[in-house]
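J.: If you're matching positions, the sequence shown starts at 0 in numbering that gives the first Met the number 0 and goes up one per residue.
Built from N, CA and C at the ideal position, the CB exists for glycine as well.
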Amino acid sequence: MSESRDKYSLYFNSVQNPEADIAVMKQAWKSRYKGEMFKVLREDFCGTFANTVAWVKQHKLNRGIAIDLDKSPIAYGKKNYLSTLTKDQESRVQILNENVLSSKLPKADVIFAFNFSYYCFQERKVLKAYFKEVYKKLNSKGMFLMDCFGGSLTQLTNDYSVYFPSMKYTYHFEQLSFDPINSRAKLAIHFRFKKGKPLNNAFVYDWRMWSIPELREILEEVGFKTSTVLWEGLTKSGDGNGKYLPKKTGEECESWIAYIAAYKS
Ligand SMILES: C[S@@+](CC[C@H](N)C(=O)[O-])C[C@H]1O[C@@H](n2cnc3c(N)ncnc32)[C@H](O)[C@@H]1O
């Protein structure tokens with residue numbers, strides 16, 4: 000498989016932006032805690048741990064912990080991202096091939112779960128057990144940040160696609176089903192090229208579509224002092240402007256992405 004058709008690099012190019020993700024984390028931290036910026040960042044469901052690598056590059060005191068069950072993205076991250084670090088930067092990264100539900104994971108100032116990965120937990124009691132472990136492993140000045148998505152489109156089958164002209168491929172995020180009784184959605188990511196065979200079902204997901212109030216209620220139940228929703232602002236034409244600000248109410252839309260920041264103190 001050529002570099003441009005490797006599923007992890009296509010995924011990175013299509014959906015990841017570590018600098019922007021870290022900027023959201025810093026903004027959410029500063030809005031609650033005065034003084035020093037966080038130093039120890041734990042990336043749960045880390046996949047290829049691109050955010051952890053970007054984090055340790057940003058400051059000589061930054062440390063990153065990355066956790067994933069699957070050896071395959073971890074091996075990719077070691078080969079392609081870890082190898083871009085200096086010896087010192089690398090010494091500040093800890094990669095763990097573990098389950099995020101484990102009670103033996105390291106402590107951190109900030110723990111984050113991005114790209115909706117915790118939606119893989121279908122049952123409330125399992126999600127609550129995960130949030131409880133996160134709470135326990137945060138330092139007393141500590142923040143848990145997660146992204147979430149929803150909207151009327153996510154309750155229907157649909158295929159959202161974006162063409163990337165520089166690499167001549169189309170990214171598809173296809174919703175294959177939605178079961179309202181269990182709020183369960185099956186989704187798949189495909190990459191289709193101008194020339195050559197498509198990479199169908201490069202990633203497949205079976206997710207519980209958690210709502211923001213459900214998530215915030217569970218966060219409160221496990222002990223978080225407070226949580227804030229960062230909701231995307233709008234351009235004059237009514238599209239998302241890519242800027243996320245604390246909001247108490249949102250507006251209805253076909254599809255939205257938001258962040259929830261939960262604070263331990
Ligand atoms: C949607 S991917 C997200 C990868 C990465 N966070 C990103 O943004 O690119 C979900 C990842 O979660 C991992 N995963 C699923 N269940 C897990 C669990 N219980 N503990 C640790 N990792 C898990 C999968 O192996 C997969 O790499």
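Going by the CB atoms, is the gap between Thr85 and Val52 shorter than 8 Å?
T.: Within the sequence shown, numbered from 1, the residue matching residue 52 stands at position 53. Within the sequence shown, numbered from 1, the residue matching residue 85 stands at position 86. Not closer than 8 Å, so no.
J.: Under three-state DSSP, which class holds Val99?
T.: Counting from one through the sequence shown, the residue named residue 99 turns up at place 100. Coil.
J.: Could you give the DSSP three-state label for Pro105: helix, strand or coil?
T.: Residue mapping note: residue 105 aligns to position 106 of the sequence shown, counting from 1. Correct three-state label for Pro105: coil.
J.: Give me the pocket residues for ligand 1, defined as CB within less than 6 Å of any heavy atom, sorted by chain position.
T.: The filter returns Gln15, Phe44, Cys45, Gly46, Ile66, Asp67, Leu68, Asp69, Pro72, Asn98, Val99, Leu100, Phe113, Asn114, Ser116 and Cys119, in chain order.
J.: Should Gly232 go down as buried or exposed, given a rule of 16 or more other Cβ atoms within 10 Å for buried?
T.: Taking the first residue of the sequence shown as 1, we reach residue 232 at position 233. Exposed, because fewer than 16 other Cβ atoms sit within 10 Å of the Cβ of Gly232.
J.: Name the one or two DSSP bridge partners that Ser226 has.
T.: One-based indexing of the sequence shown puts residue 226 at position 227. DSSP output for Ser226 lists Ala261 as bridge partner(s).
J.: Count the CB pairs spanning the stretch 158-175 and the stretch 63-78 that are closer than 8 Å, and state whether there are at least three.
T.: Judged by Cβ distances under 8 Å, the stretch 158-175 makes no contact with the stretch 63-78, as fewer than three pairs qualify.
J.: Just the C-alpha distance for Gly141 and Ala107, rounded to the nearest angstrom, thanks.
T.: As a working mapping, residue 141 is identified with position 142 in the sequence shown. As a working mapping, residue 107 is identified with position 108 in the sequence shown. For Gly141 and Ala107, the distance between alpha carbons rounds to 7 Å.
J.: At which residue ranges does the stretch 1-43 contain complete beta strand (DSSP E) runs of 3 or more residues, listed in the order of the chain?
T.: DSSP runs (the beta strand (DSSP E)) wholly in the stretch 1-43: 39-43.
J.: Contact between the stretch 213-222 and the stretch 188-195: three or more CB pairs below 8 Å?
T.: Taking 8 Å as the limit for Cβ pairs, the verdict is that the stretch 188-195 does not touch the stretch 213-222.
J.: Determine the closest residue to Cys119 out of Trp209, Glu18, Gln88 and Thr225, with distance taken between C-alpha atoms.
T.: On the sequence shown, residue 119 is found 120 positions in, with the first residue counted as 1. Of the listed residues, the one whose Cα sits closest to Cys119 is Trp209.
J.: So, Gly149 versus Glu253, is the Cβ gap smaller than 8 Å?
T.: If you number the sequence shown from 1, residue 149 lands on position 150. If you number the sequence shown from 1, residue 253 lands on position 254. No.
J.: Expressed to the nearest angstrom, what Euclidean distance is found between the alpha-carbon atoms of Asp87 and Arg183?
T.: The sequence position of residue 87 within the sequence shown is 88, counting from 1. The sequence position of residue 183 within the sequence shown is 184, counting from 1. Distance between the alpha carbons of Asp87 and Arg183 is about 44 Å.
J.: In terms of residue numbering, what span does the beta strand (DSSP E) encompassing Lys56 cover?
T.: Translated into positions along the sequence shown, residue 56 becomes position 57. Careful: Lys56 lies outside any beta strand (DSSP E), inside the alpha helix (DSSP H) at Ala49 to Gln57.
J.: Could you work out which residue in Leu175, Trp230 and Phe130 is closest to Asn200 when comparing CA atoms only?
T.: As a position in the sequence shown, residue 200 is number 201, starting the count at 1. Nearest option by C-alpha distance: Leu175.
J.: Would you check if the distance between the CB atom of Tyr10 and the CB atom of Phe202 is smaller than 8 Å?
T.: To locate residue 10, count along the sequence shown from 1; it is residue 11. To locate residue 202, count along the sequence shown from 1; it is residue 203. Yes, Cβ-Cβ distance for Tyr10 and Phe202 is below 8 Å.
J.: Using 8 Å as the threshold, is the C-beta distance between Leu265 and Trp28 below it?
T.: In this structure the chain extends from 0 to 264, so residue 265 is not present and cannot be described.
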